[in-house]
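Student: Residue numbers (our numbering), protein chains in the order written: chain A, 3 to 269; chain B, 51 to 352. Mind looking over this structure? Questions follow.
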């Protein structure tokens, strides 16, 4: 690429400023939580800073006395300098396409982030055994149940799910309060009242999200729809499913809720 | 679906950008301040030792696959045996600290880092050995006059004439400008590849992806095709690959991570600009067969 006209330097600087501003904004507002694991947040901050540096460098070129920056390409790469009009036209088109490609994510970035729709769950699949993830993360593997009651949050959601699928006897009779979305995987043989109360589990970014959750049984006559977010309260019972004994939560109270501001589980 | 597409698309970009930036700055540092003479001095003269050392030079010189073609051409012109230069070209875009870091970050729960590094070393040495035994004359490779459009798509190398002494600030400005240039070249493939990956994730049914992704032959072939077509730089491709980790077997993801940096559309065009078509065809065939066989073996054994 190069040499660069003043207009091009301004375009390049604007693109870099755009990325810098977008990433700084996501970091400051917590919007990064809708896209990537928390361990990438500081990297995003560094990226925003470097983009700012790149933008300022381009801007310095724009305001400099020299009319253009000249690259080694111009100076004699491969020993040829080709100034045919067709070559210049082709180069200009390639540059324009490159800048357009860079602008597209910024345009999408204008839309306030809201995270993955629960309806994508069907394409993501359900993971019920994330024990290997916890071993890698070095997380503690015990649920803290107080007076036979467990309030589920983002830190113990997967632990509960693993317990209900793998060691349900330890949880029989425990009262559970949890928030998740209703999901009926097409490959599970569930009745109309039976759902998975699901959350997206992220290991790196939204692209690798999978659904983690546990069986619940909604009360007869419930009015929520699949993929609605619901806050539930219920009691764990033992149930038979495909020849296995699993834990399921009999829902006594439920309420359709808004998606939380931190919808993902991070591991 | 649009919301999911956008979310996944942007998530891959946000995740991968830091590593692309590290890569462009590292590459620019090398291109501006490290000469091919230094690289050629480090490569051993002994016939088979150089095949084992050349793939590891990426640890010192993390050159991305965009810049490696011209570096290799210049190495051969300066007398480095083609076998060593080709081995260098195949391995250096993969076996380097930046790619290692991004691969590890993208696959925290699968030992993909080891699969990738060891796989790259084996394939690079194997192909280097074949070239050492059968194709080791520079006249078998190099075009007399490189094609301008393909070879010089972007400025990459130090020019041969001695540059006049620059201040630290001038060097820093030149480095940052070069890095910005490289970011536009490499970043566009990341963005396009991320978009395609997001489209597949949000539009294609899981059943179809699983049916392709769980078969050894189909999954490896599809991933190699995807890697060839997407032309994503090796610093960022791990994040695109990891988005398929739920539906494709690890061996196919390894194939993606080996094949892409070794050859892709962009790289093939650059090769054709600097090397003879017959050599490029042989090189392409060797890489394709090697990657497929190695990862197929991996799929069977793991």
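Glycine is no exception: its CB is placed at the ideal position from the N, C-alpha and C atoms. Since this is a predicted model, take the numbers as computed values, not measurements.
Strictly under 7 Å for the Cβ-Cβ distance: is residue 8 of chain A near chain B by that measure?
Tutor: no
Student: Given a cut-off of 7 Å, decide if residue 285 of chain B and residue 38 of chain A are closer than it, judged by their beta-carbon atoms.
Tutor: no
Student: Does the beta carbon of residue 200 of chain B sit closer than 7 Å to a beta carbon anywhere in chain A?
Tutor: With a pLDDT of 38 at residue 200 of chain B, under the threshold of 50, the predicted position of this residue should be treated as unreliable, though the coordinate-derived value follows. No, no contact with chain A.
Student: Quick check: the Cα distance between residue 27 of chain A and residue 186 of chain A, rounded to an integer number of angstroms?
Tutor: 36 Å
Student: Rounded to whole angstroms, what's the CA-CA distance from residue 1 of chain A to residue 234 of chain A? Just pull it up for me.
Tutor: Residue 1 of chain A falls outside the range modelled here, since chain A spans only 3 to 269, and no answer is possible.
Student: Hey, is residue 317 of chain B's beta-carbon within less than 7 Å of any beta-carbon in chain A?
Tutor: no
Student: According to DSSP, is residue 210 of chain B part of a helix, a strand, or is it coil?
Tutor: Its pLDDT being 41, under 50, residue 210 of chain B is placed unreliably by the model, and nothing is read from it.
Student: Which word fits residue 316 of chain B, buried or exposed, when buried means at least 16 other C-beta atoms lie within 10 angstroms of its C-beta?
Tutor: buried
Student: Can you say whether residue 297 of chain B is buried or exposed, counting buried as having 16 or more other CB atoms within 10 angstroms of its CB?
Tutor: buried
Student: Please check if any C-beta of chain B sits within less than 7 Å of the C-beta of residue 103 of chain A.
Tutor: yes
Student: What in chain A is Cβ-close to residue 168 of chain B, meaning under 7 Å?
Tutor: Annotation: residue 168 of chain B has no Cβ neighbours in chain A at a cutoff of 7 Å; minimum Cβ distance is about 21 Å.
Student: For residue 254 of chain B, does the three-state DSSP call read helix, strand or coil?
Tutor: coil
Student: What does residue 241 of chain B touch in chain A if you count any residue whose Cβ is under 9 Å from its own?
Tutor: 103, 104, 106, 107
Student: Between the stretch 76-109 of chain B and chain A, which residues of the former have a C-beta closer than 8 Å to a C-beta of the latter?
Tutor: For the stretch 76-109 of chain B, the beta-carbon criterion of a distance under 8 Å to any beta-carbon of chain A is satisfied by none of its residues.
Student: Just by C-beta distance, which residues in the stretch 229-240 of chain B are closer than 8 Å to chain A?
Tutor: 229, 230, 231, 233, 234, 235, 237, 238
Student: Looking at the strands, I want to know which residues DSSP matches up with residue 256 of chain A.
Tutor: A:234
Student: If you scan the stretch 137-179 of chain B from start to end, which runs of the beta strand (DSSP E) of 3 or more residues do you find wholly inside it?
Tutor: If only complete runs of 3 or more residues are kept, the stretch 137-179 of chain B shows no beta strand (DSSP E) anywhere.
Student: So with CB distances below 8 Å, who are the chain C contacts of residue 201 of chain A?
Tutor: Considering every chain present, this structure includes no chain C. Its protein chains are A and B.
Student: Using the Cα positions of residue 223 of chain B and residue 113 of chain B, report the straight-line distance between them to the nearest angstrom.
Tutor: 20 Å
Student: Straight-line CA distance for residue 323 of chain B to residue 120 of chain B?
Tutor: 10 Å
Student: Can you find a CB in chain B that lies within less than 7 Å of the CB of residue 264 of chain A?
Tutor: no
Student: Please confirm if residue 209 of chain A has its CB atom under 7 Å from at least one CB of chain B.
Tutor: yes
Student: In this structure, how does DSSP classify residue 264 of chain B when only helix, strand and coil are distinguished?
Tutor: coil
Student: Which same chain residues, not among the five before or five after residue 108 of chain A, have their C-beta less than 8 Å away from its C-beta?
Tutor: 17, 20, 21, 24
Student: From what residue to what residue does the beta strand (DSSP E) around residue 200 of chain A run?
Tutor: 196-204
Student: Are any of the Cβ atoms in chain A nearer than 7 Å to that of residue 61 of chain B?
Tutor: yes
Student: Hey, is residue 293 of chain B's beta-carbon within less than 7 Å of any beta-carbon in chain A?
Tutor: yes
Student: Provide the residue span of the beta strand (DSSP E) that contains residue 208 of chain A, from first to last.
Tutor: It is not in any beta strand (DSSP E) - residue 208 of chain A carries neither H nor E in the DSSP assignment.
Student: Return the residue from the list A:170, A:144, A:260, A:54 that minimises the CA-CA distance to residue 231 of chain A.
Tutor: A:260
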